[in-house]
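Notes for the one structure printed next.
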Amino acid sequence: DQERNRRTDPLNYGTGEDLLNLALAKLGLSLAWTTSRLGGNGLLEIFEEEPEGAEPPTRDTLAEVRALADKAVERGLGDSPEGLAGAYRGLARIYTATGDPDRALGCERQAASCQQEAIKLRVDFLIRRAGSYDLIMTAEELLAYAGENSPEARTQIFALVQRATEQGLDDKYNLRPKAHRILARLYEQANELDKAEANRMQYLESADGPLLLKDAQDRISSLGEKMDRDTAAPILDLLTKAVEKLPPDRRNLQAEAYRATAEVLEATGEKAQAVEYYECALQMNPKIPVNKRLASLKKALPPA
Numbered sequence: 181d182q183e184r185n186r187r188t189d190p191l192n193y194g195t196g197e198d199l200l201n202l203a204l205a206k207l208g209l210s211l212a213w214t215t216s217r218l219g220g221n222g223l224l225e226i227f228e229e230e231p232e233g234a235e236p237p238t239r240d241t242l243a244e245v246r247a248l249a250d251k252a253v254e255r256g257l258g259d260s261p262e263g264l265a266g267a268y269r270g271l272a273r274i275y276t277a278t279g280d281p282d283r284a285l286g287c288e289r290q291a292a293s294c295q296q297e298a299i300k301l302r303v304d305f306l307i308r309r310a311g312s313y314d315l316i317m318t319a320e321e322l323l324a325y326a327g328e329n330s331p332e333a334r335t336q337i338f339a340l341v342q343r344a345t346e347q348g349l350d351d352k353y354n355l356r357p358k359a360h361r362i363l364a365r366l367y368e369q370a371n372e373l374d375k376a377e378a379n380r381m382q383y384l385e386s387a388d389g390p391l392l393l394k395d396a397q398d399r400i401s402s403l404g405e406k407m408d409r410d411t412a413a414p415i416l417d418l419l420t421k422a423v424e425k426l427p428p429d430r431r432n433l434q435a436e437a438y439r440a441t442a443e444v445l446e447a448t449g450e451k452a453q454a455v456e457y458y459e460c461a462l463q464m465n466p467k468i469p470v471n472k473r474l475a476s477l478k479k480a481l482p483p484a
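Residue numbering for the sequence shown follows the working numbering, beginning at 181 and increasing consecutively.
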């Protein structure tokens with residue numbers, strides 16, 4: 181009966197979470213209360229965005245949403261750090277929409293604090309229970325999420341990698357090179373550049389060709405037009421190693437590596453070399469879509 185009352189009459193019988201979800205629904209949002217992963221598709225991604233074309237809420241709706249949010253706080257939002265992180269983010273969205281930016285900012289700060297506590301608890305649990313694969317995957321997720329990591333976050337990621345190393349790193353999933361890649365980034369952030377470079381070199385030596393190629397492609401995509409000679413140099417290192425390690429019979433991957441190299445060279449103004457690599461890509465895979473780019477580059481080159 182209690183569960184049925186929660187569903188049919190949340191205003192009188194619902195928990196704080198029920199009321200908050202109801203308030204968010206009136207804004208065209210929903211809140212993910214439970215997650216199975218720590219990173220990009222789990223704890224750290226809270227909301228489903230409102231559908232395109234949704235009409236803005238009316239003044240009466242905003243007043244109702246604000247009342248529901250205040251009542252949710254009165255009833256309590258639970259004691260799980262993960263749930264509280266989502267709840268405070270939900271409140272921040274509501275207070276922003278209802279014209280209370282100071283309270284929204286306070287909720288965002290509470291959300292960040294709860295989220296960090298949730299991550300710490302999750303990391304502690306994984307270190308006790310998880311295998312090397314999940315430990316390294318989680319370390320990668322945290323590294324990608326946090327961007328420039330705080331000393332506390334770096335400590336957590338170091339702990340994940342250390343525990344994975346103690347358990348043994350399976351070459352089947354490229355765990356060893358991924359661990360070196362993570363450590364290189366962390367040491368770079370900590371300004372321990374010798375250790376960063378040592379791990380970067382170990383990554384280049386231990387990673388297989390497809391992993392190096394994917395890494396290079398991801399970096400090219402993330403940099404876009406911001407690429408310069410300094411940011412291009414490590415990408416070219418990755419691609420050189422990738423070409424060396426790609427199996428000779430994987431001509432499609434070889435073609436992608438040459439294409440990526442050409443894109444980097446073109447972005448840094450090395451147009452003649454870019455033409456050569458585009459042509460190599462076509463030799464490896466005549467169907468690779470670079471013909472238009474190649475023709476345009478050739479026209480831009482000065483006469484021989």
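Using N, Cα and C, we set each Cβ at its ideal position, and we do this for glycine too.
Check, Outcome
"Alpha helix (DSSP H) containing K406: first to last residue?", "Note, K406: premise wrong, no alpha helix (DSSP H); not H, not E."
"Measure the alpha-carbon distance for A422 versus A437 and round it to whole angstroms.", "7 Å"
"Starting from the Cα of T241, find the closest Cα among S260, I274 and A376 and give me that residue.", "I274"
"Do Q397 and A442 count as a contact pair if the criterion is CB distance below 7 Å?", "no"
"Apart from the five residues on each side of it in sequence, which residues of its chain come closer than 7 Å, Cβ to Cβ, to T278?", "L242, V245 and R246"
"Which value, in whole angstroms, describes the spacing of the CA atoms of P261 and E446?", "48 Å"
"Which ranges does the alpha helix (DSSP H) cover as unbroken runs of at least 4 residues, wholly within the region 233 to 313, from first to last along the chain?", "239 to 255, 261 to 277 and 281 to 309"
"Beta-carbon separation of A298 and C287 under 7 Å?", "no"
"For E372, does the three-state DSSP call read helix, strand or coil?", "coil"
"Which two residues bound the contiguous alpha helix (DSSP H) that contains L204?", "G196 to K206"
"Count the other CB atoms, across all protein chains shown, that sit within 10 Å of the CB of L418; report buried if there are 16 or more and exposed otherwise.", "buried"
"Using only alpha-carbon positions, find the residue among E321, I316, L315 and G258 that is nearest to C294.", "G258"
"Within 10 angstroms of its Cβ, does G381 collect 16 or more other Cβ (buried), or is it exposed?", "A quick correction: the sequence has Met, not Gly, at residue 381. By the 10 Å Cβ count, M381 comes out exposed."
"Rounded to a whole number of angstroms, what is the C-alpha to C-alpha distance between Y268 and L200?", "10 Å"
"Just the Cα atoms here: how many angstroms apart are K406 and Q434?", "25 Å"
"Determine the burial state of R184: buried for a count of at least 16 other Cβ atoms within 10 Å of its Cβ, exposed for fewer.", "exposed"
"Please report the residue range of the alpha helix (DSSP H) in which I337 lies.", "P331 to Q347"
"A339 to T318, Cα distance in whole Å?", "11 Å"
"Which residues mark the beginning and the end of the alpha helix (DSSP H) in which L209 is found?", "That residue, L209, is in no alpha helix (DSSP H); it is neither H nor E in DSSP."
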